[in-house]
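Only one structure is covered here, and it is reproduced in the block below.
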Amino acid sequence: MGPERLSKIMTCERYFNNFRSTFNEDNSAQRTHKINKSSTDSEKEFGKFFHNLIQCYVTNLSQRNLETYTRELLISQNTERWTDKLIHLLSPHYNKKTSDSFLSSGDAENMERSLNTFSELYHHHNLDQFSWECELEIYGFKFDCFSLNGDIDLVGINETEKRIFTIELKKAQKPYPQWKYQLYLYMLMLQEKYEHYTIFGAIWHPGAKLKVVRMDTAKTLIGSIFDGDETNPISYICEDCKVWDCEDRK
Ligand code: SF4
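Mapped onto our numbering, the consecutive letters of the sequence shown carry residue numbers 553 to 802.
Below, the structure written as structure tokens:
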């Protein structure tokens, strides 16, 4: 389940009950298929490229600098083809590509711009003090009646200072309010796993600065859901809700 649906079922109990009632044996396979098909293949490809590029850049930073990536992306913008070096830089994700494989000039340009922006923030915030892991998986976090698993885009650990910095990467230019539920839950999950560390989190998307969030912010929002304080769903949650007779719709 992605952050959007998770944020909805966490925010409105009525929405959750309606959602759960549609998961009977007859139609659950169909629903799951529909949920997983919410973005087009080209959007998914673009999202994967975006994640792979930033993650490879961060985790290989000691051996490969920004210029190495941008040079190859600039060549791809002109030729609309992958280069051998770019395939190598993003290895093993695109090992099946060859220098004849198509790469749209627009995608290469977007990636080059995104990587440059991300790199500026990375150095501005001295993020090189952390050792980075990508796609860190966390299992079995108990949240109310759910058990959650997380697959976190970037987790930086500073063993000396006992600090952890987690970053969720989003390809969209504009922020979505539901992203924060995902980030905050990941921060709580990390805190459970790394009890004695100070956890920080941030969401980064190409149109944004890196706004750093501390654990108390995450705990306050998730806590307010447990306490039932968060009772007024915001309009994006009501938008595609099937509880047509709901009087609280915004
Ligand atoms: S319309 Fe909005 S408030 Fe009403 S059940 Fe749906 S999500 Fe909740």
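From the three backbone atoms N, C-alpha and C, an ideal C-beta is built for every residue, glycine too.
A distance below 7 Å between beta-carbons, with the five flanking residues on each side excluded, links residue 724 to the following residues of its chain, in chain order: 757. Residues of the same chain with a CB within less than 8 Å of the CB of residue 618, apart from the 5 flanking positions on each side, are 609, 667, 668 and 671 in chain order.
Each residue's CA atom was taken as its position, placing residue 728 and residue 747 some 30 Å apart. Taking all protein chains in view, the Cβ of residue 654 is surrounded by fewer than 16 other Cβ atoms within 10 Å, so the residue is classified as exposed. In this structure, the C-beta of residue 728 stays at least 7 Å away from each heavy atom of the ligand SF4.
Residue 623: member of the alpha helix (DSSP H) spanning 618–631, first to last residue. When secondary structure is reduced to three states using DSSP, residue 701 falls in the strand class. Remark: the shortest separation between the CB of residue 561 and any heavy atom of the ligand SF4 does not fall under 7 Å. Its Cα nearest to that of residue 689, the residue 718 stands out among 714, 718, 664 and 662.
For residue 733, the shortest separation between its Cβ and any heavy atom of the ligand SF4 does not lie below 7 Å. With a cut-off of 7 Å, the C-beta of residue 800 is classified as near the ligand SF4, since at least one heavy atom of the ligand falls inside that distance. The alpha-carbon of residue 679 is positioned some 29 Å away from that of residue 635.
Close CB contacts of residue 704 within its chain, under the 6 Å cut and outside five residues either way in sequence, are with 688, 718 and 738 (chain order).
Between residue 716 and residue 740, the beta carbon gap of about 12 Å keeps them out of contact (Cβ cut-off 8 Å).
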